[in-house]
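Participant: In UniProt numbering, the protein residues as written are 1 to 403.
1. Can you grab the Cα-Cα spacing for the pair residue 336 / residue 56, in whole Å?
2. Rounded to the nearest angstrom, what separates residue 197 and residue 314 at their Cα positions?
3. Go ahead and pull the three-state DSSP assignment for residue 411.
4. Please give me, in chain order, every unbroken run of the alpha helix (DSSP H) with length at least 4 that falls completely inside the segment 26-93.
5. Mapping the DSSP letters down to three states, classify residue 102 as helix, strand or coil.
6. Give me the Cα-Cα distance between residue 13 and residue 219, rounded to the nearest whole angstrom.
7. Compute the Euclidean distance between the alpha carbons of residue 67 and residue 206, then round it to the nearest angstrom.
8. By Cβ distance below 8 Å, which residues in the same chain neighbour residue 311 in space, the five residues on each side in sequence not counted?
9. Tell me the residue span of the alpha helix (DSSP H) that contains residue 302.
10. Just verifying my parser: in three-state terms, what is the DSSP assignment at residue 328?
11. Given a threshold of 16 other Cβ atoms within 10 Å of its Cβ, counted over all protein chains shown, does residue 124 qualify as buried or as exposed?
12. Counting Cβ pairs, one atom from each stretch, are 3 or more of them under 8 Å apart for the segment 262-269 and the segment 47-62?
13. Since I believe residue 325 is in contact with residue 142 (beta carbons under 8 Å), could you give me their beta-carbon distance rounded to a whole number of angstroms?
14. Just mark residue 99 as buried or exposed, buried being the case when its beta carbon has 16 or more other beta carbons within 10 Å.
15. Please confirm whether residue 60 and residue 208 have their CB atoms less than 7 Å apart.
16. Our contact map puts residue 75 next to residue 363 with C-beta atoms below 8 Å; I'd like the distance itself, whole angstroms only.
17. For a test of the three-state rule: what should DSSP assign to residue 148, helix, strand or coil?
18. My output table needs one value for residue 136: the three-state DSSP class, helix, strand or coil.
19. Compare the C-alpha of residue 292 against each of 372, 164, 193, 351 and name the closest.
20. If you run the structure through DSSP and keep just helix, strand and coil, what is residue 176?
21. What does the Cβ neighbour count give for residue 223, buried or exposed, with the cut at 16 atoms within 10 Å?
22. Given this structure, state the Cα-to-Cα distance separating residue 80 from residue 374, to the nearest angstrom.
23. When you compare the CB positions of residue 183 and residue 69, do they come within less than 7 Å of one another, or not?
24. Nearest CA to the CA of residue 41: which residue from 246, 240, 366, 192?
25. Is the segment 253-267 touching the segment 126-136 in the sense that three or more CB pairs, one from each, lie closer than 8 Å?
26. How many angstroms separate the CA atom of residue 148 from the CA atom of residue 18?
27. Does DSSP put residue 323 in a helix, a strand or coil?
28. Counting Cβ pairs, one atom from each stretch, are 3 or more of them under 8 Å apart for the segment 103-110 and the segment 294-306?
29. Please list, in chain order, all residues of the same chain as residue 265 whose beta carbon is under 6 Å from its beta carbon, the five residues on each side excluded.
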């Protein structure tokens, strides 16, 4: 009986680690924004969002578990060493210093600091906040062996308690009905597909692949030694962590939809979250939200910079782990000072190219036992997928320029 309890506790810690690494900047702002855009079509939009934002990351962890891969490189290896290395670098750069990692600093700043600064002070405020943010991230990330304890046992419970307070107030005293807000034109007839595309912005499927090496390292430090036990722990912990993310998504989308009764559609979900927190708890709500956003984004940033440094140090051992860590934090700091809206807008075309390839690799990994991981099947399927994915880039860029 004690061994069962100990095993359950261990899986909960792993699930909490996975949750903390995946639930970050985009996971807070994009569901809320989706709720505002979808209006009374929020249920269909939620279905699409959960498919790409919850099931795909779970499938990514399952693919790593089934193939016994240590991460993205080994999962892509049946396509050849050159493809695997190039794809790893592209994904790590987007997930790392050019998109997701800088976003972990700009989201809490946009939510909790920017509304209180004058226009002339915005640049200086962002510089100071992101500088302090990445210094703290670097400090904790150097404690590589303690990342499970820091994220899974300390930061996540604080974050969940804070978010629960906001959800409780929203459900007890809703801002309005979910049936009356009208959807934007794009969501009238295509709520599900637009919700699915919005799920790309969370980058969780890519992040789950990238975090594979960090998650597996942490699991081994918990005492799982054999490949089979590591795979089983990854699967069980992944299901716990991603189920938690899915529940929070539904709550955040609900908040966004009901907020339409009180607020106009904002440019991003960060602004809406700030308005919601202030609506329910006034100034205390804004302080609470800033703390909540900083904690959740910092846990994700820690996971991102550690995974980046581990992967690149393993592939290029002549450069130290800490050198990659410092370089990532510095570049992320510089990119973060471009601002949230600019980071989100330019990253979308790149994600439209990378995501289909990642989806194919995930599905091939899951079903690889059926064709014994044959390299030919990997190469043909990936090659066919790459063609339409490549042509999606200019189409997506054109839509952004029109906006």
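Glycine is no exception: its CB is placed at the ideal position from the N, C-alpha and C atoms.
Facilitator: Quick look at the numbers:
1. 27 Å
2. 33 Å
3. Here the chain covers residues 1 to 403 and nothing more, so residue 411 does not appear.
4. Those alpha helix (DSSP H) runs which fall completely within the segment 26-93 and span 4+ residues are 42-50, 56-67, 72-76.
5. helix
6. Near 10 Å, if we compare the C-alpha coordinates of residue 219 and residue 13.
7. Computed Cα separation, rounded: 17 Å.
8. 71, 72, 73, 88, 92, 210, 213
9. 269-315
10. Shown here, residue 328 sits in a helix according to DSSP, grouped into three states.
11. exposed
12. no
13. 7 Å
14. buried
15. Their beta carbons are under 7 Å apart, which means residue 60 touches residue 208 by this criterion.
16. Their Cβ separation, rounded to whole angstroms, is 11 Å, which puts residue 75 and residue 363 out of contact at 8 Å.
17. Bear in mind that a pLDDT of 49 at residue 148, under 50, signals an unreliable position, so the number given afterwards is only what the model happens to contain. Helix at residue 148.
18. helix
19. 164
20. coil
21. exposed
22. 12 Å
23. no
24. Each of 246, 240, 366, 192 was checked against the Cα of residue 41, and the nearest Cα belongs to 192.
25. Look at the beta carbons and you see the segment 126-136 not touching the segment 253-267: under three pairs across the two are nearer than 8 Å.
26. Note on residue 148: pLDDT 49, under 50, position unreliable in the model; the coordinate value appears next. Roughly 9 Å separates the two Cα atoms.
27. helix
28. yes
29. 36
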